[in-house]
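>
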Amino acid sequence: MSIATVALDRISRLRRLLDTPSPSGVAVRLFAWALPLAMLTGSIAARVVPAGAVLATGLFAVMAAMAVAGLRNAYAHPRLGLCNMVTLGRAALASSLVAPLAASEPIPDGSAWLVVTVATIALALDGVDGWLARRDGLASPFGARFDMEVDAALGLILALLVFASGKLGPWVLALGSMRYAYVAAGLAMPWLNGPLPEAFRRKAICVAQIAALIALNAPIVSGMPATILAATATLALGWSFAIDILWLVQRRQP
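Note that full-length UniProt numbering gives residue 18 to position 18 of the sequence shown, counting from 1, and the numbers run on in steps of one.
Encoded structure:
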């Protein structure tokens with residue numbers, strides 16, 4: 001059998017897999033979409049800090065791999081849908097923002113404004129993926145979780161950038177890591193992993209958190225205004241988590 005015949009046979013098998021309404025087919029389609037997004041991640045990161053392109057692409061590869069695994073294990077729909085493609089695109093944008101962490105000194109204002117622009121686009125797309133999922137009948141626990149994890153990663157990355165810039169002390173990391181602290185606490189106290197009712201308050205606070213972190217990365221926001229903004233956003237986020245924890249405590253099984 002010639003090399004050309006073998007190649008054509010493998011391409012044919014891949015096309016059949018892509019067209020198959022199965023978890024494997026959906027996962028392969030997501031992987032295929034991740035390849036150009038990885039190039040986008042590296043390209044944006046290189047524009048911000050060239051040395052950070054590898055770090056950014058590596059982070060996106062990890063997020064994409066986790067998404068592919070999640071699709072294979074917890075996605076019941078036969079189609080990938082534009083909703084999940086948008087969420088993966090948001091993951092690519094978020095990943096590109098780690099590039100400044102590879103710099104040995106604060107980035108110039110031009111690069112900082114690029115960070116603000118990319119982060120703003122990622123935030124603007126939040127909610128679009130959910131709307132697309134509902135419109136196309138592709139809403140799923142996987143999609144909701146994936147969207148949440150992208151939001152959490154974006155928040156943590158932006159908080160790290162604020163800290164690295166020297167504008168605020170390490171306390172600002174609480175604004176980006178509270179979600180991860182909650183997950184860690186759930187390992188010791190499993191009742192924290194209980195289901196929570198839908199709440200507009202939770203979504204609004206999440207948007208406010210990311211918006212505040214984006215503003216804090218803007219070169220024109222510093223000093224006392226930055227401190228007040230970060231403190232207010234951190235208190236609001238902590239208040240939101242406290243409400244959810246209290247709700248779970250009241251319904252905790254003895």
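Where is the CB? At the ideal position from N, CA and C, for every residue including glycine.
Could you tell me if GLY42 is buried or exposed, where buried requires 16 or more neighbouring beta carbons within 10 angstroms of its beta carbon?
buried
> Going by alpha carbons, who is nearest to PHE163 out of PRO190, PHE31, GLU105?
GLU105
> Are the region 204-216 and the region 224-239 touching, with three or more C-beta to C-beta distances below 8 Å?
yes
> Answer yes or no: do GLY31 and VAL68 have a C-beta to C-beta separation smaller than 8 Å?
The residue you asked about is not Gly; residue 31 is Phe in the sequence shown. A contact, by the Cβ cut-off of 8 Å.
> Does the distance from the C-beta atom of LEU88 to that of ALA119 stay below 8 Å?
no
> Considering only residues of the same chain and omitting the five flanking positions on each side of GLY194, which have a CB-CB separation below 6 Å?
LEU248
> Go ahead and pull the three-state DSSP assignment for ILE214.
ILE214 falls in the helix class under three-state DSSP.
> Under 8 Å between C-beta atoms, does ARG72 make it to chain C?
Of the chains in the structure shown, none is chain C; there is only one protein chain.
> Out of LEU132, VAL150, TYR182, THR117, which one is the CA nearest neighbour of GLY238?
TYR182
> Could you check where the alpha helix (DSSP H) with LEU158 kicks off and where it finishes?
141-165
> Determine the DSSP secondary structure at ARG251, reduced to helix, strand or coil.
coil
> Which residues bound the alpha helix (DSSP H) around LEU93?
81-96
> In three-state terms, what does DSSP make of SER222?
coil
> Residues in the same chain with beta-carbon distance under 7 Å from TYR75, minus the five sequence neighbours each way, listed in chain order, please.
PRO23, VAL26, SER140, PHE142
> DSSP on TYR180, reduced to helix/strand/coil?
helix
> Just verifying my parser: in three-state terms, what is the DSSP assignment at ILE107?
coil
> With distances taken from CA atoms, which of ARG179, ILE220, VAL221 is nearest ALA242?
Nearest of ARG179, ILE220, VAL221 to ALA242, Cα basis: ARG179.
> Within 10 angstroms of the Cβ of THR117, are there 16 or more other Cβ atoms? Answer buried if so, exposed if not.
exposed
> Quick check: what's the CA-CA separation for ARG15 versus LEU216?
For ARG15, the predicted structure reports a pLDDT of 47, less than 50, and the residue's modelled location is therefore unreliable. A value from the coordinates is still provided. Spanning the two alpha carbons is a distance of roughly 46 Å.
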